[in-house]
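Q: Chains as they are written, first to last, in this note's numbering: chain C, 639 to 863; chain P, 460 to 784. For each residue, glycine too, the CB sits at the ideal point set by N, CA and C. Values in this document were obtained by computation on a predicted structure and should not be read as measured data. The structure is given below, and queries will be raised subsequently.
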Amino acid sequence: MIRFERVSKVYPGGSRALADVSFDIERGSMVFLTGHSGAGKSTLLRLVMMLERASRGNVFVNGLNLSEAPDRLAPIVRRNTGMIFQDHKLLKDKTVADNVALPLMIAGLKYADIRKRVRAALDKVGLLSKVSQMPLALSGGEQQRVGIARAIVSMPPLLLADEPTGNLDPNLSRELFALFEEVAAQGVTVLIASHDLDLIRRMHKRVLVLSAGRLADDIPARNIP
Amino acid sequence: MNDVSLFSRIGRRIRAWSRQHSYSFFSSLGVILKHKTGTLMTVLVLGIAMFLPLGLYVTLNNLDNVDLRQDEWSAVTVFFKPGIDGTEVRRVANELQQRFEPGSMTLISPEQGMADFRSASGFGDSLEILDENPLPWVMQVSPRSGSTDQLESRVAELTAYLDTVNSVELTQFDYKWLQRLGRLLDLGQAAVTLLVALFGLAVVVVVANTIRLDVASRAEEIEILALVGAGNAFVRQPFLYTGLWYGLMGGFIAVVLIALAMFYLGGPLGLLLETYGSAFNMRGLEGYHALWVLAGGALLGWFGAWIAVQRYLRKLRIGGRLGRS
Ligand SMILES: Nc1ncnc2c1ncn2[C@@H]1O[C@H](COP(=O)(O)OP(=O)(O)OP(=O)(O)O)[C@@H](O)[C@H]1O
Ligand SMILES: [Mg+2]
Numbered sequence: 639m640i641r642f643e644r645v646s647k648v649y650p651g652g653s654r655a656l657a658d659v660s661f662d663i664e665r666g667s668m669v670f671l672t673g674h675s676g677a678g679k680s681t682l683l684r685l686v687m688m689l690e691r692a693s694r695g696n697v698f699v700n701g702l703n704l705s706e707a708p709d710r711l712a713p714i715v716r717r718n719t720g721m722i723f724q725d726h727k728l729l730k731d732k733t734v735a736d737n738v739a740l741p742l743m744i745a746g747l748k749y750a751d752i753r754k755r756v757r758a759a760l761d762k763v764g765l766l767s768k769v770s771q772m773p774l775a776l777s778g779g780e781q782q783r784v785g786i787a788r789a790i791v792s793m794p795p796l797l798l799a800d801e802p803t804g805n806l807d808p809n810l811s812r813e814l815f816a817l818f819e820e821v822a823a824q825g826v827t828v829l830i831a832s833h834d835l836d837l838i839r840r841m842h843k844r845v846l847v848l849s850a851g852r853l854a855d856d857i858p859a860r861n862i863p
Numbered sequence: 460m461n462d463v464s465l466f467s468r469i470g471r472r473i474r475a476w477s478r479q480h481s482y483s484f485f486s487s488l489g490v491i492l493k494h495k496t497g498t499l500m501t502v503l504v505l506g507i508a509m510f511l512p513l514g515l516y517v518t519l520n521n522l523d524n525v526d527l528r529q530d531e532w533s534a535v536t537v538f539f540k541p542g543i544d545g546t547e548v549r550r551v552a553n554e555l556q557q558r559f560e561p562g563s564m565t566l567i568s569p570e571q572g573m574a575d576f577r578s579a580s581g582f583g584d585s586l587e588i589l590d591e592n593p594l595p596w597v598m599q600v601s602p603r604s605g606s607t608d609q610l611e612s613r614v615a616e617l618t619a620y621l622d623t624v625n626s627v628e629l630t631q632f633d634y635k636w637l638q639r640l641g642r643l644l645d646l647g648q649a650a651v652t653l654l655v656a657l658f659g660l661a662v663v664v665v666v667a668n669t670i671r672l673d674v675a676s677r678a679e680e681i682e683i684l685a686l687v688g689a690g691n692a693f694v695r696q697p698f699l700y701t702g703l704w705y706g707l708m709g710g711f712i713a714v715v716l717i718a719l720a721m722f723y724l725g726g727p728l729g730l731l732l733e734t735y736g737s738a739f740n741m742r743g744l745e746g747y748h749a750l751w752v753l754a755g756g757a758l759l760g761w762f763g764a765w766i767a768v769q770r771y772l773r774k775l776r777i778g779g780r781l782g783r784s
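Put into structure tokens, the structure is as follows:
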């Protein structure tokens, strides 16, 4: 689903965020991405979302080589990728339902279908009762779950998350990861960048470890006790 | 793939497209109605900007239409040679009638001329000492009415012909005022063109600036839209609709202002023109003019919005700040 071939990323300022990174992630698997601050985790996710272009090497997503894809394909790549942000990126002046509906509005679905799908997605994250609330009236964990509902509402084949548990308490974090696991079980490829080593260890999933822009380790799922 | 599935795919694309547009349409209308005062001020400025060239256009249109150049104003005066009698004069008059179908013709006999001169000059009886009337036959011919250019050429044809008639001593015509009127109207037309270009630019700039502020205040929303996969067209649409609304409403204000100005100025202007002895019918904007103004305003507004958004969309390019906290 995601394949990096000797990918390097040097930012215009000259700082090297990724150096010669290669890996392959299978469809329907759940993979963690970890590493110290500044290791290049966010950069890697940005490459997959076509928010950034590789300086060298090839990034394949669902068979499409993003390094060679024209700019105009970026919206289509993003439409097929659910992204969860640490700071949620919700519209403060729109209801929870309207926020979740956004990707479906962009796809031009019928209002009746949008309503149905939004309710299904909110049900999945356990927020059906908050449909008509404003995001600021929700707790941090609830806002994060609205973000997840928005990311899965259009049923994209790929789900990315950058520090989704950033400032959540351990219980909420565990719940969130369980939710991701559920999504992955339905055939969605899930890639999560996280610092939360304890939690990652407990999930028994494959872990990619970045260090100063290099892939320092690639721990397969079964090797974790 | 069979035809049915192709058609249903195309149908689905079209429906999706129209739903996206209806979303933009209503979201743009929402923005406009939410900021009533701001909208009103913008639209008033646009209306006034469009009113100015439009007002000059209407004024010229009226001037060009006024009967200023009729009758005595544009008459060619024909002096016959001394001793030419009424029979010859009437023959020439008949000839002119057939060749040129002039607007009007007046014949003045020497006796009539003398009588007029007496009463007008105040010499009165003192002219009795002349034992012979020294005045020739005189004829005043006005060409058929028409535009300034048409009049000019008709007068030229008329005098050219009269110069070939033996019994005519000379023809006189004050071209200057006719030419002046023509040049003035030309100048006015050029001024209208200039004003349309200038104020059209003003409309674009005003809308672009308003939309620029609108875009900046919704930067976060735009960023989020782009992150969840909105293309440039989708981000742009609501702003283009807003610009279009502004232009359309500005055009409407301009048309209303013209109607008000006509109502207000119509009375005094009519009285003024009556002193020139011309029946005056004020012409407002025709229906199709008003449609042009509305369409033009909408187009300029759309264009202004496009410029404002386009500048901003560049910031959403790959490798930009999109998605950073
Ligand atoms: N826009 C940018 N311009 C220049 N350098 C950048 C830019 N974004 C990131 N970098 C640099 O690239 C390197 C990797 O950054 P990145 O954000 O990918 O790290 P990270 O692993 O996500 O760190 P963190 O855990 O703190 O979020 C850092 O050294 C950073 O300074
Ligand atoms: Mg990061």
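How would you list, in chain order, the residues of chain P whose beta-carbon sits under 9 Å from the beta-carbon of C:R788?
A: As a first step, residue 788 of chain C is located in the first sequence; it is residue number 150 there, counting from the start. Result: V687.
Q: From which residue to which residue does the beta strand (DSSP E) around C:E643 run?
A: The residue you call residue 643 of chain C lines up with position 5 of the first sequence. Start and end: 640-648.
Q: Within 8 Å, do at least three Cβ pairs link the region 605-619 of chain P to the region 460-479 of chain P?
A: no
Q: Would you please verify whether the beta carbon of C:A799 is less than 8 Å from any beta carbon of chain P?
A: Translated into the one-based positions of the first sequence, residue 799 of chain C becomes position 161. Not one chain P Cβ lies under 8 Å of C:A799.
Q: In chain order, what residues of the same chain lie with their CB nearer than 6 Å to the CB of P:T498, ignoring the 5 residues before and after it?
A: Taking the first residue of the second sequence as 1, we reach residue 498 of chain P at position 39. I491.
Q: Assign P:I681 to one of two classes, buried (16 or more other C-beta atoms within 10 Å of its C-beta) or exposed (fewer than that).
A: Counting from one through the second sequence, the residue named residue 681 of chain P turns up at place 222. Buried, since its Cβ has 16 or more Cβ neighbours within 10 Å.
Q: Confirm, please, whether the CB-CB distance from C:S667 to C:A822 is below 8 Å.
A: For the purposes of this step, residue 822 of chain C is taken as the residue at position 184 of the first sequence. For the purposes of this step, residue 667 of chain C is taken as the residue at position 29 of the first sequence. It is a contact, given that the beta carbons lie within the stated cut-off.
Q: Report yes or no: do three or more beta-carbon pairs, one from the region 716-727 of chain C and one from the region 786-798 of chain C, lie closer than 8 Å?
A: yes
Q: Thinking just about the alpha-carbon of each residue, which of P:S568, P:F693, P:R742 is nearest to the one in P:Q769?
A: For the purposes of this step, residue 769 of chain P is taken as residue 310 along the second sequence, with counting starting at 1. Closest by alpha carbon: P:F693.
Q: Which residues mark the beginning and the end of the beta strand (DSSP E) in which P:E591 is found?
A: Taking the first residue of the second sequence as 1, we reach residue 591 of chain P at position 132. Segment: none, P:E591 is in no beta strand (DSSP E) and carries neither H nor E.
Q: Whose CB is closer than 7 Å to a heavy atom of ligand 2? List the residues in chain order.
A: The filter returns C:K679, C:S680, C:D800, C:E801, C:A831, in chain order.
Q: So if DSSP puts C:L656 in a beta bridge, which residue, or which two residues, is it bridged to?
A: The residue given as residue 656 of chain C occupies position 18 in the first sequence. According to DSSP, which records beta bridges pairwise, C:L656 is partnered with C:K647.
Q: With a Cβ-Cβ cutoff of 8 Å, do P:L781 and C:L689 count as a contact?
A: Position 322 of the second sequence, counted from the start, is the residue given in the question as residue 781 of chain P. Position 51 of the first sequence, counted from the start, is the residue given in the question as residue 689 of chain C. Against a cut-off of 8 Å, the Cβ pair of C:L689 and P:L781 comes out as a contact.
Q: Do C:G676 and ligand 1 come close, with the Cβ less than 7 Å from some heavy atom?
A: The residue given as residue 676 of chain C occupies position 38 in the first sequence. C:G676: yes, Cβ under 7 Å from ligand 1.
Q: For the region 540-555 of chain P and the region 745-753 of chain P, state whether three or more C-beta atom pairs, one from each stretch, are separated by less than 8 Å.
A: no
Q: So, does the CB of P:L505 fall closer than 8 Å to a CB anywhere in chain C?
A: Here residue 505 of chain P refers to the residue found at position 46 when the second sequence is read from its first residue. Output row for P:L505: interface = no.
Q: What residues are listed by DSSP as bridge partners for P:D608?
A: Mapped onto the second sequence, residue 608 of chain P falls at position 149. P:D608 is not bridged to any residue.
Q: I'd like to know whether the C-beta atoms of C:A775 and C:V756 end up nearer to each other than 8 Å.
A: On the first sequence, position 137 is the one that residue 775 of chain C refers to. On the first sequence, position 118 is the one that residue 756 of chain C refers to. Their beta carbons are not under 8 Å apart, which means C:A775 does not touch C:V756 by this criterion.
Q: Assuming C:A759 and C:I722 are in contact, meaning their beta carbons sit under 8 Å apart, how far apart are those beta carbons, in whole angstroms?
A: Residue mapping note: residue 759 of chain C aligns to position 121 of the first sequence, counting from 1. Residue mapping note: residue 722 of chain C aligns to position 84 of the first sequence, counting from 1. Their Cβ separation, rounded to whole angstroms, is 13 Å, which puts C:A759 and C:I722 out of contact at 8 Å.
Q: Return the bridge partner residues of P:M564 from the DSSP annotation.
A: As a working note, residue 564 of chain P is residue 105 in the second sequence. Its beta-bridge partners are P:V600.
Q: Spatial neighbours of P:R528 within its chain, please: C-beta separation below 8 Å, excluding the five flanking residues on both sides.
A: Taking the second sequence and counting its residues from 1, one reaches residue 528 of chain P at position 69. Because P:R528 carries a pLDDT of 48, less than 50, the predicted location of this residue cannot be relied on, and the following value inherits that uncertainty. Hits under 8 Å: S604, T607, L610, L637, L640.
Q: Relative to chain P, which residues along the region 680-701 of chain C have a C-beta separation below 8 Å, given in chain order?
A: Within the region 680-701 of chain C, contact with chain P at the beta-carbon level (separation under 8 Å) is assigned to R684, M687, M688, L689, E690, R691.
Q: Would a check of beta-carbon distances place P:M460 closer than 8 Å to chain C?
A: Position 1 of the second sequence, counting from 1, holds the residue named residue 460 of chain P. Confidence is the limiting factor: at P:M460 the pLDDT is only 48, short of 50, which leaves the residue's position unreliable, though a coordinate-based value still follows. Not closer than 8 Å to any Cβ of chain C, the Cβ of P:M460 fails to qualify, so no.
Q: C:S667 bridges to which residues according to DSSP?
A: Here the question's residue 667 of chain C lines up with position 29 in the first sequence. Bridge partners of C:S667: none, in fact.
Q: With distances taken between CB atoms, is the gap from C:G678 to C:E643 smaller than 8 Å?
A: For the purposes of this step, residue 678 of chain C is taken as residue 40 along the first sequence, with counting starting at 1. For the purposes of this step, residue 643 of chain C is taken as residue 5 along the first sequence, with counting starting at 1. No.
Q: Helix, strand or coil: how does DSSP classify P:F762 here?
A: Taking the second sequence and counting its residues from 1, one reaches residue 762 of chain P at position 303. Looking at P:F762 - three-state DSSP - the assignment turns out to be helix.
Q: Residues of chain P with a CB under 8 Å from the CB of C:Q724: which are they?
A: For the purposes of this step, residue 724 of chain C is taken as residue 86 along the first sequence, with counting starting at 1. The answer, in chain order, is S784.
Q: Quick one: grab the DSSP three-state call for C:V763.
A: Residue numbering aside, residue 763 of chain C sits at position 125 when the first sequence is read from its first letter. Coil, per DSSP.
Q: Confirm the yes/no value for this check: CB of C:G651, any heavy atom of ligand 1, distance under 7 Å.
A: Here residue 651 of chain C is taken as the residue at index 13 of the first sequence, counted from 1. C:G651: yes, Cβ under 7 Å from ligand 1.
Q: Given that a residue counts as buried once 16 or more other Cβ atoms are within 10 Å of its Cβ, and exposed if not, what is P:Q557?
A: Within the second sequence, residue 557 of chain P is the residue found at index 98, counting from 1. Classification for P:Q557: exposed.
Q: Using only the alpha-carbon positions, how far apart do P:V715 and C:R691 sit?
A: Residue 715 of chain P sits at position 256 when you count from the first residue of the second sequence. Residue 691 of chain C sits at position 53 when you count from the first residue of the first sequence. Looking at the two C-alpha atoms, the distance is approximately 54 Å.
Q: Indicate, with yes or no, if ligand 1 has a heavy atom lying under 7 Å from the CB of P:G659.
A: As a first step, residue 659 of chain P must be located in the second sequence, where it is residue number 200. Checking the Cβ of P:G659 against ligand 1 gives no.
Q: With a threshold of 8 Å between beta-carbons, can C:I663 be considered close to chain P, or not?
A: Here residue 663 of chain C is taken as the residue at index 25 of the first sequence, counted from 1. Not one chain P Cβ lies under 8 Å of C:I663.
Q: Between P:E680 and chain C, is the shortest Cβ-Cβ distance under 8 Å, so that the two count as touching?
A: Within the second sequence, residue 680 of chain P is the residue found at index 221, counting from 1. Judged by the 8 Å Cβ criterion, P:E680 is in contact with chain C.
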